[in-house]
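First comes the structure, then the notes that go with it.
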Amino acid sequence: MSSVNKNLSQTEGSQIPNAKYFKFGIVCSEWNHEITNALKEGAVKTLLANGAEKENIIIREVPGSFELTLGAQYIAEATDVDAVICLGCVIQGETRHFDFICDAVAKGITDLNINYNIPFIFGVLTPNNQQQALDRSGGKYGNKGDEAAITAIKMLALRNSFMV
């Protein structure tokens, strides 16, 4: 979703299903910790506010955003989670490193969705600068962690709608 003039944490008009019976994994990058920790806190708060049980939220950290894919795979293979939320932040720099990392993480998370047939949610910020990251991790545009948690819940509800 585009965040131009939009607070990501506002969900008015959006029906969020109950998350009580779902188990969630969260894999969070340690790099840009101030940002990623805020994303993680937002995701957990949103899951709990929508019915998830604290004991049904498994959190693991990885060194950087590039490692999110493998960390998410480890969670999916080692636990019985219904969805995995991947949280990271890659800030544009002066080199092409940003492009390589962002492309690899996006492809890796997409592949996990297809290969495991459970939702792996892309909650990775890709801002141009630190201020944009702060604005999207609890600042004036809300918290992308909230949005990632809501996306996980909605994707699980969508999956369940086909199981009736």
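In this text, residue positions in the sequence shown follow the numbering used here: the first is 4, and each later residue adds one. Using N, Cα and C, we set each Cβ at its ideal position, and we do this for glycine too.
Do you know offhand how far residue i's Cα is from residue j's?
i, j, result
"Ile78", "Ala52", "23 Å"
"Phe25", "Asn163", "11 Å"
"Val30", "Gln18", "25 Å"
"Glu58", "Phe27", "10 Å"
"Val47", "Ala81", "20 Å"
"Pro43", "Gly148", "A small correction: the amino acid at residue 43 is Lys; Pro does not occupy that position in the sequence shown. Each residue's alpha carbon lies about 6 Å from the other."
"Thr72", "Asn116", "11 Å"
"Ala136", "Val127", "10 Å"
"Asp138", "Asn35", "14 Å"
"Glu70", "Glu64", "9 Å"
"Ala55", "Asn21", "8 Å"
Flag residue i as yes when its Cβ comes closer than 6 Å to any non-hydrogen atom of the ligand SAH, and as no otherwise.
i, result
"Met158", "This structure lacks the ligand SAH; in fact it carries no ligand of any kind."
Residue range of the beta strand (DSSP E) that residue i falls in?
i, result
"Gly91", "86-92"
"Ser32", "27-32"
"Ile78", "Not the beta strand (DSSP E): Ile78 falls in the alpha helix (DSSP H), residues 71-81."
"Ile104", "Taken as a continuous stretch (DSSP letters only), Ile104 belongs to no beta strand (DSSP E), being part of the alpha helix (DSSP H) at 100-119."
Let's test the definition: count the other Cβ atoms within 10 Å of the Cβ of residue i and tell me whether it reaches 16, buried, or not, exposed.
i, result
"Pro130", "buried"
"Asp106", "exposed"
Assuming residue i is part of the alpha helix (DSSP H), what are its boundary residues?
i, result
"Arg162", "147-164"
"Glu44", "36-52"
Can you round the beta-carbon distance between residue i and residue j to whole angstroms, since I take them to be within the 8 Å contact cut?
i, j, result
"Phe103", "Gln95", "Actually they are not in contact, since the Cβ atoms of Phe103 and Gln95 sit about 12 Å apart, beyond 8 Å."
Spell out whether any CB of chain D is found under 7 Å from the CB atom of residue i.
i, result
"Val65", "Among the chains of the structure shown, chain D does not appear; only one protein chain is present."
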